[in-house]
Each structure stands twice: as C-alpha cells, then as structure tokens.
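Novice:
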Amino acid sequence: MRKLRRLLNLAARGDQSLERDAGGRCVVVAPTGVHVLKRPLVIGGNTTLRADGATFTSDVAVKPQTYYKDKNQHSPEPTYPDSFISVAAVNSREATLLINDVPDDCTGHQAAGNIRLEGGIWDPTAYFVRNAVGDDRARATDAPPMNAITFEHTHNVELSGVTVRNVKWWHGVELNAVRTATVSDCRFEGRVEAPTAGWWHGEAVQLDLPTAGTPGGTADNTPSTDIRIIDNYCGPSQEYPGWGKLTGSHTGAAGAVHSDVWIERNPIENAKWDAIGPMNTSGSSSERTRSSRAGAACM
1 MRKLRRLLNL AARGDQSLER DAGGRCVVVA PTGVHVLKRP LVIGGNTTLR
51 ADGATFTSDV AVKPQTYYKD KNQHSPEPTY PDSFISVAAV NSREATLLIN
101 DVPDDCTGHQ AAGNIRLEGG IWDPTAYFVR NAVGDDRARA TDAPPMNAIT
151 FEHTHNVELS GVTVRNVKWW HGVELNAVRT ATVSDCRFEG RVEAPTAGWW
201 HGEAVQLDLP TAGTPGGTAD NTPSTDIRII DNYCGPSQEY PGWGKLTGSH
251 TGAAGAVHSD VWIERNPIEN AKWDAIGPMN TSGSSSERTR SSRAGAACM
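Using full-length UniProt numbering, you'd call the opening residue of the sequence shown number 1 and step up by one each time.
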C-alpha cells in the first residue's frame, strides 16, 4: 500500500511522469489482490484510480462502543437487545475506505476535483468479520459502522464499474457537498442493517450535507447538485441482505437543498424502504429504474 499511496500523492501534485487519461487526469493503477487498509486511501484532484482486480477492506483502529436500539421498524433478524456493545472507529474521519483530499478549512465545492474511480471491490467489513460466526457475523459485531467511498466539498467526480459490498450501517458512496458527479455501472451488494436508525437511513448512494462531525472540511451545509446515477445494481450480497434504498438523503438544513438528480436504469432488489428516497431534493427525475420487493418505488 505504500507504493499506491505514494502514487496517489504524486497524482495529486500532477506529476509529469504519470500517464494521463482522456480527461487530463493522472492515472494510478492499484495492484491486484486483497488490500487491508489501516487508514483510508486519499485521492486528490485530477486523478483516476483504476482498481480492477483489487479488493479493499479495512482494519482501522476501533474502540468498544455502546449502542441503543431505536424505535423505528427493523427486520426481524438478526435481533438486537435494547442496548448492546459493538465497536466504532477511533477516528471517525477514518470510517471509510477511500476519501478525497479535503483541507480542514474547505467550504462549498472547493476541494480539488476532476476525480475518477474505476473498478475494484470495496468491502469495509470483510477483514473484521473474517473469523465471526452466527449472530456476530450477521450483525458484523467486530466491524465499525463505515462508508465504503466518501467524496466531500468537491466537484466533477466519476465512479464507474465499482463494486461496493457488505457495508455496515452507513453508505456505499457518500456524495457530501459534491457538484457534478456520475455513478454508473456500479454494483451495491449487501448491507448490515443499522438497529440505531430506520430503514430510510440505508442509502447505497447517499446525498449528504456537511454537518457537525463531517469527515472533512467545514460543516457549512453545502448541498450536492447535478448528480447522475445510471445503470447500477442495488441488492443483496451472498451474505447480507439488501439496502434500505438505492439513493436519497436523510439530512436537511434550512435553505440547503440537493438539486438536479437524474436516476436511470438501476435495477433494485429487496430494498427495505423506498427504492428511491429524494428527501430534501429538488429537480430529481427517475426513469426506467426497476424495483422488486421495495416498500415503495419512490418516496
């Protein structure tokens, strides 16, 4: 991983020795095989990361955490007591496999953009649950809640051919204060349901606002805009059930509204809530998105 991180750093600086793609981005190729990350990969602007043949999972530092089951509707299995002990990431900013480079004082959509991610399997829980059985495996007790991929305060982002698998409680791709992003030809397979929040919380592609505790930049409530979610699959994995919904939002702030979201040709299987939940969003459109066994096609 040292070499991959070094190449990503070189790409962020526009190193002239690196190949460029058609979009003018420096190209970094991840080595094939399984990579256990002690901290997230950080991708800078004007960079394409090609990850076909690579699998990424997490071994970030964790700490014991007591959680409390909420009163929302939940699946009957696995069962949880009213309070229980699991774990959380010691550093909440490390609760993702990949994040863009976001300065602490960044606002709006100002972080370096023009970023493309191609391929790879992104599974935050696999390493943590490798020896787990029974209820502990079904709950992913030893894994912290995490995103797979996070983009924040940035612009011009593309994800293509990415497989996100077995996320615990959070999201496959979080677009947090992002202007212009396309998620296409990706697969979102399997999620460990959160007993601390309702089914409406379980977006595979989450449109988010940077609020208190945001993983990077300032908490300025910048919404996301100009988002395309096209030709993706959202459903169960071989081990874990489906998502709450393909996409949407569950955060809001006065005057901060996501806008211009296009959703097309996304088969969705076994969504636990609505297949699409565009809360706090204006100008959204969905065409030819097919849902089976969802609470509703679109909220």
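For glycine and all other residues, C-beta sits at the position ideal for the given N, C-alpha and C.
Classify ILE121: buried if its beta carbon has 16 or more other beta carbons within 10 angstroms, exposed otherwise.
Specialist: Here residue 121 refers to the residue found at position 121 of the sequence shown. Buried, because 16 or more other Cβ atoms sit within 10 Å of the Cβ of ILE121.
Novice: For TRP170, does the three-state DSSP call read helix, strand or coil?
Specialist: Taking the sequence shown and counting its residues from 1, the one referred to as residue 170 is at position 170. For TRP170, the three-state secondary structure derived from DSSP is coil.
Novice: So, HIS171 versus GLU193, is the Cβ gap smaller than 9 Å?
Specialist: Here residue 171 refers to the residue found at position 171 when the sequence shown is read from its first residue. Here residue 193 refers to the residue found at position 193 when the sequence shown is read from its first residue. No, the Cβ-Cβ distance between HIS171 and GLU193 is not below 9 Å.
Novice: What separation, rounded to the nearest whole angstrom, lies between the Cα atoms of PRO215 and CYS106?
Specialist: Numbered from its first residue, the sequence shown carries residue 215 at position 215. Numbered from its first residue, the sequence shown carries residue 106 at position 106. Rounded to the nearest angstrom, the two C-alpha atoms are 12 Å apart.
Novice: So who's on the other strand from TRP122, going by DSSP bridges?
Specialist: As a working note, residue 122 is residue 122 in the sequence shown. Looking at the DSSP assignment, TRP122 forms a beta bridge with PHE56, VAL164.
Novice: Start and end of the alpha helix (DSSP H) containing residue 315?
Specialist: Only positions 1 to 299 of the chain appear in this structure, which leaves residue 315 out of reach.
Novice: Could you tell me whether the Cβ atoms of VAL102 and GLY14 are closer together than 9 Å?
Specialist: Residue 102 sits at position 102 when you count from the first residue of the sequence shown. Residue 14 sits at position 14 when you count from the first residue of the sequence shown. It is not a contact, given that the beta carbons lie outside the stated cut-off.
Novice: What is the DSSP secondary structure of SER259, reduced to helix, strand or coil?
Specialist: Taking the sequence shown and counting its residues from 1, the one referred to as residue 259 is at position 259. Strand.
Novice: Quick check on the burial criterion: 16 or more other C-beta atoms within 10 angstroms. Buried or exposed for GLU77?
Specialist: Residue mapping note: residue 77 aligns to position 77 of the sequence shown, counting from 1. Exposed, since its Cβ has fewer than 16 Cβ neighbours within 10 Å.
Novice: Mapping the DSSP letters down to three states, classify MET299 as helix, strand or coil.
Specialist: As a first step, residue 299 must be located in the sequence shown, where it is residue number 299. For MET299, the predicted model reports a pLDDT of 45, less than 50, meaning its position is unreliable; a value from the coordinates is still stated below. In the structure shown, MET299 adopts coil according to DSSP, grouped into three states.
Novice: Using 10 angstroms around the beta-carbon of LYS272, count the other beta-carbons present and answer buried if the total reaches 16, otherwise exposed.
Specialist: Taking the first residue of the sequence shown as position 1, residue 272 is located at position 272. Answer is buried; the Cβ neighbour count reaches 16.
Novice: Between LEU37 and SER58, which are expected to be in contact by the criterion C-beta below 8 Å, what is the C-beta distance as a whole number of angstroms?
Specialist: Residue mapping note: residue 37 aligns to position 37 of the sequence shown, counting from 1. Residue mapping note: residue 58 aligns to position 58 of the sequence shown, counting from 1. The pair is a contact, with the Cβ atoms about 5 Å apart (cut-off 8 Å).
Novice: Check whether the stretch 115-131 and the stretch 70-84 are in contact - that is, three or more C-beta pairs closer than 8 Å.
Specialist: In short, these stretches do not touch, since the Cβ pair count stays below three.
Novice: Measure the CB-CB distance between ALA88 and ASN46 and report whether it falls below 9 Å.
Specialist: As a working mapping, residue 88 is identified with position 88 in the sequence shown. As a working mapping, residue 46 is identified with position 46 in the sequence shown. Contact flag unset, no.
Novice: Is the CB-CB distance between residue 336 and GLU94 below 9 Å?
Specialist: The question about residue 336 has no answer, for the chain in this structure spans 1 to 299.
Novice: Could you name the residues of the same chain whose beta carbon sits closer than 6 Å to that of VAL164, not counting the 5 residues immediately before and after it, in chain order?
Specialist: As a first step, residue 164 is located in the sequence shown; it is residue number 164 there, counting from the start. TRP122, ALA148, GLY172, PHE188, listed in sequence order.
Novice: Where does GLN65 land, buried or exposed, given buried means 16+ other C-beta within 10 angstroms?
Specialist: Within the sequence shown, the letter at position 65 stands for residue 65. Exposed.
Novice: CB PRO223 to CB HIS250, shorter than 9 Å?
Specialist: In the sequence shown, counting from the first residue as 1, residue 223 sits at position 223. In the sequence shown, counting from the first residue as 1, residue 250 sits at position 250. Contact: no.
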